[in-house]
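Student:
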Amino acid sequence: MIDFRYHIVSIVSIFLALAVGILLGAGPLQGNLGTTLTNQVSTLRQEKSDLRTQLDAAQRQVDAGDAFATAITPDLVSARLGGYPIVVVALPGADADTVTALTAVLTEAGGTVSGTVGITSAWTDPAKVGVRDELLTTLAPSAGASASPAATPERRLGALLASALLVPKLTDVTGPDPTRAATLARFKAADLVTYDGDGPAAATLAVIVAPAPDAKVTDDRRRADLAGWVALARSLDAAGRGSAVVGAPDSAGTGGVVAAVRAEAATAKVVSTVDDLAAPMGLIATVYALREQAAGAAGQYGVGAGASAVLPASTATRP
Numbered sequence: 087m088i089d090f091r092y093h094i095v096s097i098v099s100i101f102l103a104l105a106v107g108i109l110l111g112a113g114p115l116q117g118n119l120g121t122t123l124t125n126q127v128s129t130l131r132q133e134k135s136d137l138r139t140q141l142d143a144a145q146r147q148v149d150a151g152d153a154f155a156t157a158i159t160p161d162l163v164s165a166r167l168g169g170y171p172i173v174v175v176a177l178p179g180a181d182a183d184t185v186t187a188l189t190a191v192l193t194e195a196g197g198t199v200s201g202t203v204g205i206t207s208a209w210t211d212p213a214k215v216g217v218r219d220e221l222l223t224t225l226a227p228s229a230g231a232s233a234s235p236a237a238t239p240e241r242r243l244g245a246l247l248a249s250a251l252l253v254p255k256l257t258d259v260t261g262p263d264p265t266r267a268a269t270l271a272r273f274k275a276a277d278l279v280t281y282d283g284d285g286p287a288a289a290t291l292a293v294i295v296a297p298a299p300d301a302k303v304t305d306d307r308r309r310a311d312l313a314g315w316v317a318l319a320r321s322l323d324a325a326g327r328g329s330a331v332v333g334a335p336d337s338a339g340t341g342g343v344v345a346a347v348r349a350e351a352a353t354a355k356v357v358s359t360v361d362d363l364a365a366p367m368g369l370i371a372t373v374y375a376l377r378e379q380a381a382g383a384a385g386q387y388g389v390g391a392g393a394s395a396v397l398p399a400s401t402a403t404r405p
């Protein structure tokens with residue numbers, strides 16, 4: 087009987103509390119609660135509207151800045167690279183429109199784009215190590231590569247390709263070279279590179295276009311890729327007058343090629359980088375970075391982590 091009474095009291099208490107809550111909600115508290123919620127919603131709507139206004143204004147400023155930079159690009163880059171033959175090297179995943187825009191601004195700057203070479207994923211694919219080793223064995227004795235036999239396979243492979251693409255002096259560009267053409271053809275046959283026609287003529291400067299980081303690859307593959315791209319940049323730099331690695335802002339973030347170059351002190355001392363290639367400002371910076379490379383200096387430019395400035399400090403004198 088005691089247990090039954092206990093349960094009855096508990097049930098009555100629950101319903102009593104519920105009834106009191108309903109009465110209060112429908113009565114004295116209803117107005118205050120409704121007013122509070124209405125005020126909060128109105129405040130949030132106003133804050134959202136204010137933020138949208140600020141965002142739109144900021145976007146208009148960015149668009150205006152890009153339009154201004156685009157308009158004055160011809161004047162800023164004119165003759166800055168006059169007389170220099172330049173090869174464009176596109177890494178796997180590099181944006182095709184970016185490569186096209188880069189080629190156009192290099193031409194505007196007076197440079198001669200000798201051609202574009204696309205690097206395939208086989209360059210760093212662990213499953214293709216046999217293909218790369220065979221190329222190193224058969225080409226190394228005759229291609230005149232500058233890498234030491236004790237260098238890593240990545241450096242030796244990069245040096246082989248660099249020897250077919252670059253020369254250190256303008257006077258070394260004397261016309262078609264059967265040996266260089268044969269070396270390039272071997273790389274193409276091994277599915278390590280792509281290019282149109284007979285391939286690019288010899289150049290003195292190289293610009294490497296980096297892709298956005300691929301979040302889908304494993305950490306091991308990412309490390310292998312970055313090691314390969316950094317080694318290639320070093321090899322291209324050593325074979326000619328200089329090289330620059332360029333990409334969009336995310337290339338300077340975690341897993342990006344630009345970030346990898348900047349993180350390796352020895353490479354950052356000789357290879358330049360630009361991390362805002364998606365904007366007109368980045369295209370201008372690339373021209374000046376290559377010009378600085380031709381003068382024997384290097385720097386890290388853009389707006390991302392590791393950039394020291396937007397443009398090289400001195401741009402007045404052509405090398």
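As numbered in the numbering used here, residues 87 to 405 make up the sequence shown, in order.
We put the beta carbon where it would ideally sit given N, CA and C, even for glycine.
Closer than 7 Å: is that where the CB of residue 263 sits relative to any heavy atom of the ligand HEM?
Tutor: The ligand HEM is not among the ligands present in this structure, which contains no ligands whatsoever.
Student: Count the other CB atoms within 10 Å of the CB of residue 145; is the residue buried (16 or more) or exposed (fewer)?
Tutor: Within the sequence shown, numbered from 1, the residue matching residue 145 stands at position 59. Per the 10 Å Cβ criterion, exposed.
Student: Less than 8 Å separating the beta-carbons of residue 295 and residue 341?
Tutor: Translated into positions along the sequence shown, residue 295 becomes position 209. Translated into positions along the sequence shown, residue 341 becomes position 255. No.
Student: Classify residue 351: buried if its beta carbon has 16 or more other beta carbons within 10 angstroms, exposed otherwise.
Tutor: To locate residue 351, count along the sequence shown from 1; it is residue 265. Exposed: under 16 other Cβ atoms inside 10 Å.
Student: What three-state label does DSSP hand residue 170 in the structure shown?
Tutor: Position 84 of the sequence shown, counted from the start, is the residue given in the question as residue 170. If DSSP states are grouped into helix, strand and coil, residue 170 belongs with coil.
Student: Restricting to runs no shorter than 4 residues, where is the alpha helix (DSSP H) found entirely within the stretch 250-280?
Tutor: You should have 264-275.
Student: Between the Cα of residue 176 and those of 189, 167 and 169, spot the shortest distance and give me the residue it belongs to.
Tutor: The sequence position of residue 176 within the sequence shown is 90, counting from 1. Comparing Cα positions, the closest option is 189.
Student: For residue 239, which option in 257, 219 and 128 has the closest C-alpha, if you only look at C-alpha atoms?
Tutor: The count along the sequence shown starts at 1 and reaches residue 239 at position 153. Of the listed residues, the one whose Cα sits closest to residue 239 is 219.
Student: Whose C-alpha, out of 241, 203 and 347, is nearest the C-alpha of residue 325?
Tutor: Here residue 325 corresponds to residue number 239 of the sequence shown, with the count starting at 1. Nearest C-alpha to residue 325: 241.
Student: Could you check whether the stretch 209-223 touches the stretch 281-289, counting it as contact only if at least three pairs of C-beta atoms, one from each stretch, sit closer than 8 Å?
Tutor: Cβ pair count under 8 Å is below three, so no.
Student: Taking the straight line between their C-alpha atoms, what separation do you get for residue 308 and residue 346?
Tutor: As a position in the sequence shown, residue 308 is number 222, starting the count at 1. As a position in the sequence shown, residue 346 is number 260, starting the count at 1. Each residue's alpha carbon lies about 11 Å from the other.
Student: If you count every other CB in all the chains shown that lies within 10 Å of the CB of residue 191, and 16 or more means buried, which is it?
Tutor: Sequence index remark: in the sequence shown, residue 191 carries index 105 (1-based). Looking at its Cβ environment, which holds 16 or more other Cβ atoms inside 10 Å, residue 191 is buried.
Student: Nearest-angstrom Cα distance between residue 178 and residue 131?
Tutor: Stepping through the sequence shown from its first residue, residue 178 is reached at position 92. Stepping through the sequence shown from its first residue, residue 131 is reached at position 45. Computed Cα separation, rounded: 45 Å.
Student: I need the straight-line Cα distance from residue 371 to residue 327, nearest angstrom please.
Tutor: Working through the sequence shown from its first residue, we reach residue 371 at position 285. Working through the sequence shown from its first residue, we reach residue 327 at position 241. Distance between the alpha carbons of residue 371 and residue 327 is about 18 Å.
Student: Under three-state DSSP, which class holds residue 292?
Tutor: In the sequence shown, the residue the question calls residue 292 occupies position 206. If DSSP states are grouped into helix, strand and coil, residue 292 belongs with the strands.
Student: Would the stretch 298-314 and the stretch 354-372 be scored as touching if the rule is three or more Cβ pairs under 8 Å?
Tutor: Output reads no: the stretch 354-372 does not touch the stretch 298-314.
Student: Confirm, please, whether the CB-CB distance from residue 270 to residue 208 is below 8 Å.
Tutor: For the purposes of this step, residue 208 is taken as residue 122 along the sequence shown, with counting starting at 1. For the purposes of this step, residue 270 is taken as residue 184 along the sequence shown, with counting starting at 1. No, they are not a contact pair.
Student: In angstroms with no decimal places, state the Cα-to-Cα distance between residue 160 and residue 364.
Tutor: The sequence position of residue 160 within the sequence shown is 74, counting from 1. The sequence position of residue 364 within the sequence shown is 278, counting from 1. Those two C-alpha atoms are separated by around 17 Å.
Student: Using the three-state DSSP reduction, which class does residue 304 fall into: helix, strand or coil?
Tutor: Within the sequence shown, residue 304 is the residue found at index 218, counting from 1. DSSP places residue 304 in coil when its eight states are reduced to three.
Student: Could you compute how far the alpha carbon of residue 185 sits from the alpha carbon of residue 382?
Tutor: Sequence index remark: in the sequence shown, residue 185 carries index 99 (1-based). Sequence index remark: in the sequence shown, residue 382 carries index 296 (1-based). Each residue's Cα considered, the two are about 25 Å apart.
Student: Do residue 385 and residue 338 come within 8 Å of each other at the CB atom, strictly closer than that value?
Tutor: What you label residue 338 is simply residue 252 of the sequence shown in a count that begins at 1. What you label residue 385 is simply residue 299 of the sequence shown in a count that begins at 1. No, they are not a contact pair.
Student: Leaving out five residues on either side along the sequence, give the residues of the same chain with a beta carbon under 6 Å from the beta carbon of residue 200.
Tutor: Residue mapping note: residue 200 aligns to position 114 of the sequence shown, counting from 1. So the qualifying residues of the chain are 171, 173, 286, 287 and 289.
Student: Using C-beta distances below 6 Å, list every residue in its chain close to residue 275, excluding the 5 sequence neighbours before and after it, in chain order.
Tutor: On the sequence shown, position 189 is the one that residue 275 refers to. Around residue 275: no qualifying Cβ.
Student: Pull up the CB-CB distance for residue 280 and residue 204, whole angstroms please, since I reckon it's below 8 Å.
Tutor: The residue labelled residue 280 in the question sits at position 194 within the sequence shown. The residue labelled residue 204 in the question sits at position 118 within the sequence shown. Contact flag correct, Cβ pair sits at about 4 Å.
Student: Could you spell out where the beta strand (DSSP E) holding residue 186 opens and where it closes?
Tutor: Taking the sequence shown and counting its residues from 1, the one referred to as residue 186 is at position 100. From DSSP, residue 186 is part of no beta strand (DSSP E) but of the alpha helix (DSSP H) over 182-194.
Student: Is it right to say residue 358 is buried, meaning 16 or more other beta carbons lie within 10 angstroms of its own, or is it exposed?
Tutor: On the sequence shown, residue 358 is found 272 positions in, with the first residue counted as 1. Per the 10 Å Cβ criterion, buried.
Student: Can you tell me whether residue 297 is buried or exposed? The criterion is at least 16 other CB atoms within 10 Å of its CB, across all chains shown.
Tutor: One-based indexing of the sequence shown puts residue 297 at position 211. The residue in question, residue 297, is buried, as its Cβ has 16 or more Cβ neighbours within 10 Å.
Student: Can you look up residue 224 in the DSSP assignment and give me helix, strand or coil?
Tutor: Here residue 224 refers to the residue found at position 138 of the sequence shown. Residue 224 falls in the helix class under three-state DSSP.
Student: If I follow the unbroken beta strand (DSSP E) through residue 199, where does it start and stop?
Tutor: Stepping through the sequence shown from its first residue, residue 199 is reached at position 113. Taken as a continuous stretch (DSSP letters only), the beta strand (DSSP E) holding residue 199 covers 198-205.
Student: Kindly indicate which three-state DSSP category residue 358 falls into: helix, strand or coil?
Tutor: The residue labelled residue 358 in the question sits at position 272 within the sequence shown. Strand.
Student: In the DSSP assignment, the alpha helix (DSSP H) including residue 330 goes from what residue to what residue?
Tutor: As a working note, residue 330 is residue 244 in the sequence shown. From DSSP, residue 330 is part of no alpha helix (DSSP H) but of the beta strand (DSSP E) over 328-332.
Student: What residues match up with residue 175 in a beta bridge as DSSP calls it?
Tutor: Here residue 175 refers to the residue found at position 89 when the sequence shown is read from its first residue. Residue 175 pairs with 203 and 294.
Student: Buried or exposed for residue 303, going by 16 or more other Cβ atoms inside 10 Å?
Tutor: Translated into positions along the sequence shown, residue 303 becomes position 217. With fewer than 16 other Cβ atoms within 10 Å, it is exposed.
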